[in-house]
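Numbering (the numbering used here), first residue to last: 295 to 792.
Below is one structure, written out as C-alpha cells; the observations come after it.
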Ligand code: NAP
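Right, dumping it as C-alpha cells:
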C-alpha cells in the first residue's frame, strides 16, 4: 500500500456496515443516575480521517451537570458502604466486558479519534487493565494502629473515599484516560461524574453502558458530554459537594481548573502536557534506540503527552541514527485508521494540522534540515505525513511546545552535562527517555532528568501497574501503580484514649 493509494481511497469514504453498526451501538444521551437522558441541543462527532459526521450526541447544559452531581452525591454513601470485595468484582466484570468487546470498542475509538485500529484495540486492552489493577487494589486498602510515643493513647489510621469526584478526560486516549480515573475512583468508594472530550465522547458513552452491565449501581458513574466545557464544569467545580477533580489535558486548562478548585480547596490530580526529551548516547544500541524512538514518537500518531518531543543524539551517531529513523518512518503507510496496515492516521482536527505545519515551517526557517516529509497533505481528512527534521535549534518553537504530530525533531549534543541541562530547560517534566549501554551513565541521567518518569532503553513507560505522572508544569499526583488509589482516598486519624 502506498500513501497515495490510501489517501485517494479515503476521499468520499462512507461508513462500512460494521462501522455503522459500531457507531449505532453507542448510546448518545447523557448518563445520569442510571438513566439515559436526551438534550434539546446535540453536538456532532466527526471522523477525522474523512470529515464525515458519525453521529450526534447530547450537548449538556449547566443544569444537566448539576443533575449529574446530584446523582453522584446521592449515591456516594451507599457506594462507600458497598463491601470492597463487591466493588472489586464489579470492576473485574467490567475488565472482562471491555476485553470481550475490544473489536467493537477499538473500531469506535478509531472512528472518532483516528488512531489505527491495531493501536485502538491495544488501547482497549490497556484501558481494561486499569479496571483489573484497581479491582485488585480495592480489597487491599490498608490502615494503621500504633501506640502514641508517650504511651497511653492509641492512633488508628483509616482510609476513606474522598467523595463525589469530577473526572475530565482528553481526546487522545478516549478509553484509557477514562478507565485510569474511573477504576481507582470506584475502587476507593467514590462516585463520579465523567466529562469526556467533545471530539471523542463515544468511548466514554460506550463505557457507561459497559459499567452498567457490569453491575455499577445507578448514580455511581455519570457521564455528561458538552460543547461548552467551561460553562458545564464551573458550577460543578464550585459546588461544595464535589470533593475531587481529576483532570487529564493541557497545562493551560489545568492551571485554570486549579484556580477554580482553590475556591473550595478541592483535592486535585492533574495529568498535564509534556515536552519529553529523548536522549541517545553514542554507546547506545542504535537498533534499540530507533525502535524506542519509533514507539515514543509514533504512538497515537505523535499525539501523546509522552511523545518524544525533542530527540537529542550524540554528535558521532547523529547521521546514522537520523538515516535509520527516516528510513523506518518513511515506510509507514498513511491513511484512515480502519485500513489494514495503516500506522499514520489523521490528526484530530484541522487546527492540529495547521499547528504542526507552522511548527515545521518555523524550524526550517531557523535552519532545520528536512530528511523526510515536511509538507502537509491535501484533504479531505486531517493528515500530516511522517516527518524527520535534523539540526533543529533549541530556539525553534517545536522545542518549547508539544508537537502532537508525527514529526521527529533531532538535534546533536556533545556531552552528558550539556544534554541534561538542555533536556531540563523546559517548564514541563512528564517523561524522558535515555538510551545508553552504560548502566552508570543511564542511572545518573535518569536521576538528573527533572521528570516524573523515565524510560531507560525503552520507548514506552505507560503501564497500569506503574505510577504515571509528571513534575513541574506536567502535573500533580500519580495515576496507576500502588499509589494511584491514594488520589481518591482521605487519611483519617482517630486518637483513642485507653
Ligand atoms: P484540553 O484542551 O486541555 O482538554 C482536556 C479536557 O478538558 C477536555 O475534556 C476538554 O473539553 C476539557 N476542558 C477544556 N476547557 C475546559 C474548561 N474551561 N473547564 C473544564 N474542562 C475543560 O486538552 P486536549 O487537547 O483535549 O488534550 C491534549 C492535552 O492533554 C495535551 O496537552 C496532552 O499532553 C495532555 N495529556 C496529558 C496526559 C497525562 O497523563 N499527563 C495524558 C493525555 C493527554 P473539550 O474537549 O470540550 O474542549
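Each residue gets a CB set at the ideal place from its N, CA and C atoms; glycine is no exception.
Note that the structure is a prediction, hence the values are computed from the model and not measured.
Judged by DSSP secondary structure, residue 531 falls within the alpha helix (DSSP H) whose first and last residues are 523-532. The alpha-carbon separation between residue 603 and residue 583 amounts to approximately 15 Å. At a cut-off of 7 Å, the beta-carbon of residue 565 counts as near the ligand NAP: some heavy atom of the ligand is closer than that.
Measuring C-alpha to C-alpha distances from residue 680 to each of 693, 702, 522, 694 identifies 702 as the nearest. Nearest Cα to residue 750 within the set 587, 487, 779, 707: 587. Taken in chain order, the whole alpha helix (DSSP H) runs of length 4 or more contained in the segment 631-695 are 644-659. A residue is called buried once 16 or more other Cβ atoms fall within 10 Å of its Cβ, and residue 437, having fewer, is exposed. In this structure, residue 500 sits away from residue 517, with a CB-CB distance that is not shorter than 8 Å. Residue 666 is classed as buried because its beta carbon has at least 16 other beta carbons within 10 Å across all chains shown. With a cutoff of 7 Å, residue 462 counts as near the ligand NAP, since its C-beta is closer than that to a heavy atom of the ligand.
If you check the CB distance, residue 340 and residue 352 do not come in under 8 Å.
Distance from the CA of residue 457 to the CA of residue 368, rounded to the nearest whole angstrom, comes to 11 Å. The continuous stretches of alpha helix (DSSP H) do not include residue 781, and DSSP gives it neither H nor E. Distance from the CA atom of residue 460 to the CA atom of residue 488, rounded to whole angstroms, is 6 Å.
Residue 337 sits in a strand when the DSSP states are folded into three classes. Looking from the CA of residue 538, the closest CA among 483, 698, 521 belongs to 483.
Around the Cβ of residue 381, a 10 Å sphere holds 16 or more other Cβ atoms; the residue is buried.
Setting aside the 5 residues that flank it on each side, residue 475 is surrounded in the same chain by 461, 540, each with a C-beta closer than 6 Å to its C-beta; the list follows chain order.
Counting only residues of its own chain and dropping the five nearest sequence neighbours on each side, residue 408 has a CB closer than 6 Å to the CB of 342, 343, 631, 639, 640.
For the options 346, 403, 697, 633, the alpha carbon positioned closest to that of residue 646 is the one of 697. Beta-bridge partners assigned by DSSP to residue 453: 785. Annotation for residue 623: the continuous alpha helix (DSSP H) segment containing it runs 609-624. Taking C-alpha positions only, residue 556 is separated from residue 529 by approximately 14 Å.
In this structure, residue 424 sits away from residue 771, with a CB-CB distance that is not shorter than 8 Å. According to the DSSP assignment, residue 440 belongs to the beta strand (DSSP E) that extends over 438-441. Pairing residue 589 with residue 763 gives a Cβ-Cβ distance that is not under 8 Å. Bridge pairing for residue 571: 604 [DSSP].
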